[in-house]
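So the protein lines, in turn, are chains A and B. Okay, so the first sequence: first residue is 151 according to this note's numbering, each after it adds one. Okay, so the second sequence: first residue is 41 according to this note's numbering, each after it adds one. Ideal Cβ positions, reconstructed from N, Cα and C, are used throughout, including at glycine.
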Amino acid sequence: DSGVTQTPKHLITATGQRVTLRCSPRSGDLSVYWYQQSLDQGLQFLIQYYNGEERAKGNILERFSAQQFPDLHSELNLSSLELGDSALYFCASSPNTYTYEQYFGPGTRLTVT
Amino acid sequence: GENVEQHPSTLSVQEGDSAVIKCTYSDSASNYFPWYKQELGKRPQLIIDIRSNVGEKKDQRIAVTLNKTAKHFSLHITETQPEDSAVYFCAASNNDKLIFGTGTRLQVFP
């Protein structure tokens, strides 16, 4: 157990809908990262937050957004869902932006039908 | 842009043999290189990492080597066991996001 928690574990929804994925980092970690893992794309970095502020952005679609709250948990919002958004979504945390080790949560499996 | 290439995509070895997975990165500013093991449907688990000021690091049966000049790094697993079977990902980082390789599916046959 990495200490990073994610909810829900599974999510099934229809195209065009909007969902929110939640992540709680390890105790004391200030930095949260979101990754998408699909069968044909591997692990893709989406976005990073550090202590409430957006720090780095990767290949995140405009339909996707994220935020980190004062208690340091983070939410990833996915809207206007398409079939191709079906994937495993992982968050990872690290103590700060200069401590390199990232520890992954168990992931949320999103299925868009 | 930043890219990490990983080879081979699949690797089958007999129990007790060694396994080697190789990665090449494009961003010369990368300074941190972790390796993750992922079992089916589970989270990636950090198994070993190396920083750019070190050429080699070993942890029991696992070792990682880094060649900064050639911009490549490798994972070596000795005395493989069936429980080593999983997908292994390399990654490279420059102080923030991890750029992952495409993964290597390792199968260890008893």
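Minimum Cβ-Cβ distance from residue i to chain A less than 8 Å
{"i": "glycine 143 of chain B", "result": "yes"}
{"i": "arginine 83 of chain B", "result": "yes"}
{"i": "leucine 51 of chain B", "result": "no"}
{"i": "aspartate 99 of chain B", "result": "no"}
{"i": "leucine 86 of chain B", "result": "yes"}
{"i": "aspartate 67 of chain B", "result": "no"}
{"i": "aspartate 57 of chain B", "result": "no"}
For residue j and residue i, the rounded distance between their alpha carbons
{"i": "glycine 141 of chain B", "j": "proline 220 of chain A", "result": "33 Å"}
{"i": "lysine 62 of chain B", "j": "lysine 97 of chain B", "result": "15 Å"}
{"i": "phenylalanine 214 of chain A", "j": "glycine 234 of chain A", "result": "13 Å"}
{"i": "proline 48 of chain B", "j": "aspartate 124 of chain B", "result": "16 Å"}
{"i": "serine 97 of chain A", "j": "serine 70 of chain B", "result": "The question about residue 97 of chain A has no answer, for chain A in this structure spans 151 to 263."}
{"i": "threonine 118 of chain B", "j": "glycine 56 of chain B", "result": "7 Å"}
{"i": "threonine 163 of chain A", "j": "leucine 106 of chain B", "result": "44 Å"}
{"i": "tyrosine 114 of chain B", "j": "aspartate 89 of chain B", "result": "For clarity, residue 114 of chain B is serine in the given sequence; the question names tyrosine instead. If I take the Cα positions, the gap works out to 11 Å."}
{"i": "threonine 258 of chain A", "j": "tyrosine 183 of chain A", "result": "14 Å"}
{"i": "glutamate 79 of chain B", "j": "alanine 126 of chain B", "result": "5 Å"}
{"i": "proline 158 of chain A", "j": "glutamine 217 of chain A", "result": "17 Å"}
{"i": "glutamate 45 of chain B", "j": "tryptophan 75 of chain B", "result": "13 Å"}
{"i": "proline 122 of chain B", "j": "serine 230 of chain A", "result": "43 Å"}
{"i": "serine 224 of chain A", "j": "isoleucine 197 of chain A", "result": "11 Å"}
{"i": "leucine 260 of chain A", "j": "glutamine 186 of chain A", "result": "10 Å"}
{"i": "isoleucine 210 of chain A", "j": "lysine 137 of chain B", "result": "13 Å"}
{"i": "arginine 83 of chain B", "j": "leucine 238 of chain A", "result": "10 Å"}
{"i": "alanine 131 of chain B", "j": "threonine 263 of chain A", "result": "32 Å"}
{"i": "asparagine 134 of chain B", "j": "aspartate 67 of chain B", "result": "8 Å"}
{"i": "valine 148 of chain B", "j": "glutamate 203 of chain A", "result": "43 Å"}
Beta carbon proximity, residue i to chain B, threshold 8 Å
{"i": "proline 158 of chain A", "result": "no"}
{"i": "glycine 255 of chain A", "result": "yes"}
{"i": "tyrosine 250 of chain A", "result": "yes"}
Residue i, buried or exposed, once every other Cβ within 10 Å from all chains shown has been counted against 16
{"i": "aspartate 179 of chain A", "result": "buried"}
{"i": "proline 175 of chain A", "result": "buried"}
{"i": "valine 94 of chain B", "result": "exposed"}
{"i": "glycine 81 of chain B", "result": "exposed"}
{"i": "threonine 50 of chain B", "result": "exposed"}
{"i": "isoleucine 129 of chain B", "result": "Note that residue 129 of chain B corresponds to phenylalanine in the displayed sequence, not to isoleucine. Phenylalanine 129 of chain B should be labelled buried."}
{"i": "threonine 109 of chain B", "result": "exposed"}
{"i": "serine 58 of chain B", "result": "exposed"}
Residue-level contact to chain D via CB, residue i, 8 Å cutoff
{"i": "lysine 207 of chain A", "result": "The structure shown has no chain D; the protein chains it does contain are A and B."}
Note to self: Tell me which residues of the segment 163–196 of chain A have at least one Cβ-Cβ distance to chain B shorter than 7 Å, keeping chain order.
What the structure shows: From the segment 163–196 of chain A, only Tyr183, Gly192, Leu193, Phe195 have a Cβ closer than 7 Å to chain B.
Checklist line | Short-range partners of chain B found in the segment 218–246 of chain A, where Cβ spacing is below 7 Å | finding: Cβ contacts with chain B come from Phe240.
Notebook entry, point to check: Can at least three beta-carbon pairs, one atom from the segment 191–201 of chain A and one from the segment 168–175 of chain A, be found at a separation below 8 Å?
Noted result: As far as the Cβ criterion goes, the segment 191–201 of chain A does not touch the segment 168–175 of chain A, which means the pair count is below three.
Next item on the list: Using a Cβ-Cβ cut-off of less than 9 Å, list which residues of the segment 124–148 of chain B approach chain A; keep chain order.
Entry: Within the segment 124–148 of chain B, Phe129, Ala131, Ser133, Asn135, Asp136, Lys137, Leu138, Ile139, Phe140, Gly141, Thr142, Gly143 place their CB atoms closer than 9 Å to a CB of chain A, listed in sequence order.
Next item on the list: May I ask you to list, following chain order, the residues of the segment 203–216 of chain A that have a beta carbon less than 7 Å from some beta carbon of chain B?
Entry: Going along the segment 203–216 of chain A in chain order, one finds Arg205, Ala206, Gly208 with a Cβ nearer than 7 Å to chain B.
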